[in-house]
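Worksheet: one structure, shown below.
Protein chains: 2
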Amino acid sequence: MADGRTSGPSSGESLLYLTDEQLRQGIEAMFFAYRGFTADPDRILGDLTYGRAHHRAVHFINRAPGTTVNNLLHILGVTKQSLNRVLRKLMEDGLVESRVGTSDKRERHLHLTDEGRNLEARLSDAQRARMRAAFRDAGPEAVAGFRTVLEAMMDTEMQRTYTKLKESGA
Amino acid sequence: MADGRTSGPSSGESLLYLTDEQLRQGIEAMFFAYRGFTADPDRILGDLTYGRAHHRAVHFINRAPGTTVNNLLHILGVTKQSLNRVLRKLMEDGLVESRVGTSDKRERHLHLTDEGRNLEARLSDAQRARMRAAFRDAGPEAVAGFRTVLEAMMDTEMQRTYTKLKESGA
DNA sequence: CAGTTTATGTCAGCCTTGTTGACATTCCAA
DNA sequence: TTGGAATGTCAACAAGGCTGACATAAACTG
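Line by line, the protein sequences give chains U and V. Heads up, the first sequence is in the numbering used here, so the first residue is 26 and it goes up one at a time. Heads up, the second sequence is in the numbering used here, so the first residue is 26 and it goes up one at a time.
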């Protein structure tokens, strides 16, 4: 498996993109691209007292207003203690508010305030600008392929989460 | 810019993939896919006393044996203090060795030991297995698009680094 | 040769963000 | 009414980023 060729039926040129070298290039592309992906929001956050974790929280609260804490921590894949620290700060600073659930009063439903939406927009705009430029440069077919591979790379549970979010969107 | 449509000339259906909603889906796909991308090595590393930072160092030393410390920290995009902590541990544990340069004796050239190559292979095999499955599921055209978009998403300096590595490879 | 720059290593301290474990509160449901 | 689920909070810890300061050796430059 580490001998320079892919395992499985190597039936020739149609599988050339599955050589270990090609896979390694994919891995490295992923590594460098993710740096670019987060670079612009990180720059904005650097000036504030927030980090990437706050960005993620704000993003998904904006995406699914009224989401519960439990739901959010499943999406983010962190512990409630980690998330709580982030949410507490965002609430203290008046970017997020939590409303006690009506049907189930144990649940807290999370919403962005105007100020929260403001920060979210700043961060999203920066990140979208880069994504837009990349999509424009690459063209629609490349974009379709990009999304296909990324979806195939997710764990099945993440895929479900991602699809649910996607469908709730547009 | 945050009003649901992309800026620029919206000349219709050919640019549909540039709507803010499409861009947001790309952003979320990137987020979830990166989690999948690192999940398998992270599981292996969790049992050991190493983290993602050690994985990255070992990966790039394997990729470019004899690389200098300075070169490595440019690739990784961290400070020498951060990298040094990681390298020191890897050297103490006998996974990496540094050799004084011949032409320039200030430089240290980094190499993996057999044990280091061993760990690298374990981590790479896991990561490649997922990448291989994703590539197989998605097909060659999607893979080409995937790489095109990722390259367009990098900062220009990272692009140069990535290309250089890529060419030094196969 | 003297002085400067470069490459590296190291110490100390700080921050963010992840983790566990323990424990309290609230409230739904059997 | 009691068990369990959802939430919040405290404490402690670790990884892995960061900055600043300083030391050493080697290379380069005037």
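Note that the Cβ used here is the ideal one computed from N, Cα and C, for glycine as well. Being a predicted model, the structure only gives us computed values, none of them experimental.
Distance check between residue 87(U) and each of 143(U), 183(U) and 177(U) places 143(U) closest, using alpha-carbon atoms only.
Annotation: Cβ neighbours of residue 191(V) in chain U (cutoff 8 Å, chain order): 50 and 53. DSSP places residue 112(U) within a helical segment (H, G or I) once states are collapsed to three.
According to the DSSP secondary-structure assignment, residue 134(U) is paired through a beta bridge with 93(U) and 124(U). With fewer than three CB-CB distances shorter than 8 Å, the segment 150 to 170 of chain U does not count as touching the segment 121 to 133 of chain U. Only exposed fits residue 77(V), as fewer than 16 other CB atoms lie within 10 angstroms of its CB. In this structure, DSSP gives residue 73(V) a state outside helix and strand, which the three-state scheme calls coil. Put simply, of 59(V), 42(V) and 102(V) the residue whose alpha carbon is nearest the alpha carbon of residue 180(U) is 59(V). Interface annotation, residue 90(V): not in contact with chain U, CB-CB separation never under 9 Å. Going by DSSP, residue 42(U) is part of no alpha helix (DSSP H) at all; its letter is neither H nor E. For the 9 Å CB-CB criterion, residue 148(V) and residue 52(V) do not form a contact.
Taking the beta carbon of residue 159(V) as reference, the chain U residues within 7 Å of it are 174, 177 and 178, listed in sequence order. Spatial neighbours of residue 66(V) in its own chain (CB-CB distance under 7 Å, excluding positions within 5 residues in sequence) are listed in chain order as 80, 148, 151 and 152. Using a CB distance cut-off of 9 Å, residue 68(U) does not count as an interface residue toward chain V. Taking C-alpha positions only, residue 113(V) is separated from residue 94(V) by approximately 12 Å. For the pair residue 178(U) and residue 174(V), the Cα-to-Cα distance works out to about 16 Å. CA-CA distance, residue 184(U) to residue 190(U), rounds to 10 Å. When Cβ-Cβ separations below 9 Å define contact, residue 149(U) makes contact with chain V. In this structure, the straight-line span from the alpha carbon of residue 186(U) to that of residue 101(U) is close to 10 Å. Restricting attention to 103(V), 42(V) and 118(V), the CA atom closest to the CA of residue 57(U) is found in 103(V). Collapsing the DSSP output to three states places residue 104(U) in coil.
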